[in-house]
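S.K.: Position 230, counted from 1, in the sequence shown is what this note's numbering calls 225; the numbers after and before it change by one each time, with no gaps. Glycine residues also receive a C-beta, built at the ideal position from the N, C-alpha and C atoms.
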Amino acid sequence: MHNTYRLSIRLFSDGFSLSILYTSDNSLVQKEDVTADGSTPLYQLLEKSLQRPHLMEYTFQSVELLVLSPSTCVPLDYFRREEVFPLYNLTFPSLKVNKAEVHYQILPSLEVVELFSLNQQIRQTVQAIYPDVEIISLEGRAIETIANADRKLQDGDIHFYGMIAPKNMLICCFKEQRLHFATTYTVDNDADRLYYIMGAWKNLQMNEQTQALHLNNASTELLNQAKRFIPNTIVCEL
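(1) For F235, count neighbouring Cβ atoms within 10 angstroms of its own Cβ and tell me buried if that reaches 16, exposed if not.
(2) Mind reading off the beta-carbon distance from T30 to G10? Whole number of angstroms is fine, and I expect it under 8 Å.
(3) Report the partner residues of N211 according to the DSSP bridge assignment.
(4) Tell me the DSSP secondary structure of D242 in three-state form.
(5) How far does the beta strand (DSSP E) with L2 in it extend, from its first residue to its last?
(6) Could you name the residues that DSSP lists as bridge partners for G10?
(7) Should S66 be labelled buried (16 or more other beta-carbon atoms within 10 Å of its own) or exposed?
(8) Could you give the residue range of the alpha helix (DSSP H) that holds T120?
(9) Using the Cα positions of P103 and L82, report the straight-line distance between them to the nearest angstrom.
(10) Under a Cβ-count criterion, where at least 16 other Cβ atoms within 10 Å of its own Cβ denotes burial, should E27 be classed as buried or exposed?
(11) Along the alpha helix (DSSP H) that carries R188, what are the first and last residues, could you check?
(12) Beta-carbon within less than 6 Å of N211's beta-carbon, same chain only, minus the 5 sequence neighbours each way: which residues are those?
(13) Can you say whether G135 is buried or exposed, counting buried as having 16 or more other CB atoms within 10 angstroms of its CB?
(14) Does the beta-carbon of D145 have 16 or more other beta-carbons within 10 angstroms, so that it is buried, or is it exposed?
(15) Output needed for E216: all residues of its chain with C-beta closer than 8 Å, excluding positions within five of it in sequence on either side, in chain order.
(16) Tell me the rounded alpha-carbon separation between N219 and D72.
(17) Cβ of Q56 within 7 Å of Cβ of T120?
(18) Check S132 in the structure and name its three-state DSSP category.
(19) Taking the alpha-carbon of L45 as reference, which of F74, I124 and L208 has the nearest alpha-carbon?
(20) Contact check, M164 vs T179 under 8 Å by CB: the rounded distance?
(21) Assign L165 to one of three DSSP states: helix, strand, or coil.
(22) Rounded to the nearest angstrom, how far is the Cβ of L113 from that of V62, given a contact under 8 Å?
(23) Among L40, F155 and K94, which one has its Cα closest to the Cα of I192?
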């Protein structure tokens, strides 16, 4: 049987990973992690890695570029393409992005549109080698993963989720299986993670006596600290 492959490029603020996977079962063939040291621009490191002979030997059925950047969601009914750039700049004024760097993706199962950004040089670098690359927000994919898990909890209550990564944290809530709130925090320690969790919990007027906090990929320390304030803190496997 002839194997076919796909390439997944995951982009972070301080580096990227390249994963080659079988298209048949999504199993991993090989993976490479690259961390930027600050001496070479990230797009140049990415270009060098993508042009390595062992990678160029493959013919990929599909290529995806997964981007981790600040993002915001707009209800599908209120989405206007011409408003993407001004709305993103209004939400994240400190980022100083230009119009070509703002992207959007529709999350049909959630009936929202996610706005996110991607460095123009990085996009051009990848598209020069793989013109048909699909650009995807990592946060949007994570929200959809949580949504799939939330659909199994058919109790009509509001559900609060925290997905932990080494340098960021996604918090989102679903009410009656619809996205109610979602935001990402740049954070790399448990004390700050707990601070942001409790802030969002209070702002959403959650009830720590009757409602649960679902945490994915949390450390034992964070779980124990969260249980001091929210007794029903649950490990959520996604």
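M.R.: Once the coordinates are examined:
(1) The question about residue 235 has no answer here: the residues shown for the chain are numbered -4 through 233.
(2) Numbered from 1 along the sequence shown, position 35 holds the residue referred to as residue 30. Numbered from 1 along the sequence shown, position 15 holds the residue referred to as residue 10. With a Cβ gap of about 4 Å, T30 and G10 count as contacting.
(3) Walking along the sequence shown from the start, residue 211 turns up at place 216. DSSP lists M158 as partners of N211.
(4) Nothing about residue 242 can be reported from this structure: the residues present for the chain run from -4 to 233 only.
(5) Taking the sequence shown and counting its residues from 1, one reaches residue 2 at position 7. Taken as a continuous stretch (DSSP letters only), the beta strand (DSSP E) holding L2 covers Y0 to F7.
(6) Within the sequence shown, residue 10 is the residue found at index 15, counting from 1. The partner list for G10 (beta bridge, DSSP) reads F7 and T30.
(7) Position 71 of the sequence shown, counted from the first residue, corresponds to residue 66. So S66 counts as buried.
(8) Reading the sequence shown from its first residue, position 125 is the one you call residue 120. From DSSP, the alpha helix (DSSP H) with T120 extends over Q115 to I124.
(9) By one-based count along the sequence shown, residue 103 stands at place 108. By one-based count along the sequence shown, residue 82 stands at place 87. Roughly 20 Å between the two C-alpha positions.
(10) Position 32 of the sequence shown holds residue 27. Classification for E27: exposed.
(11) Counting from one through the sequence shown, the residue named residue 188 turns up at place 193. From DSSP, the alpha helix (DSSP H) with R188 extends over D185 to N198.
(12) On the sequence shown, position 216 is the one that residue 211 refers to. M158, C231 and L233, listed in sequence order.
(13) Here residue 135 refers to the residue found at position 140 of the sequence shown. G135 is buried by the Cβ-count criterion.
(14) Position 150 of the sequence shown, counting from 1, holds the residue named residue 145. Answer is buried; the Cβ neighbour count reaches 16.
(15) Position 221 of the sequence shown, counting from 1, holds the residue named residue 216. Correct list, in chain order: D185.
(16) Counting from one through the sequence shown, the residue named residue 219 turns up at place 224. Counting from one through the sequence shown, the residue named residue 72 turns up at place 77. The straight-line gap from Cα to Cα measures roughly 41 Å.
(17) Numbered from 1 along the sequence shown, position 61 holds the residue referred to as residue 56. Numbered from 1 along the sequence shown, position 125 holds the residue referred to as residue 120. Not in contact: Q56 and T120 (Cβ atoms no closer than 7 Å).
(18) Residue mapping note: residue 132 aligns to position 137 of the sequence shown, counting from 1. Strand.
(19) Numbered from 1 along the sequence shown, position 50 holds the residue referred to as residue 45. Out of F74, I124 and L208, I124 has the C-alpha closest to the C-alpha of L45.
(20) For the purposes of this step, residue 164 is identified with residue 169 of the sequence shown, where counting begins at 1. For the purposes of this step, residue 179 is identified with residue 184 of the sequence shown, where counting begins at 1. Contact flag correct, Cβ pair sits at about 7 Å.
(21) As a first step, residue 165 is located in the sequence shown; it is residue number 170 there, counting from the start. Here L165 sits in strand by DSSP.
(22) Start at 1 with the first residue of the sequence shown, and residue 113 comes out as number 118. Start at 1 with the first residue of the sequence shown, and residue 62 comes out as number 67. Right, their Cβ atoms sit about 5 Å apart.
(23) Your numbering for residue 192 matches position 197 in the sequence shown. It is F155 whose Cα lies nearest to the Cα of I192.
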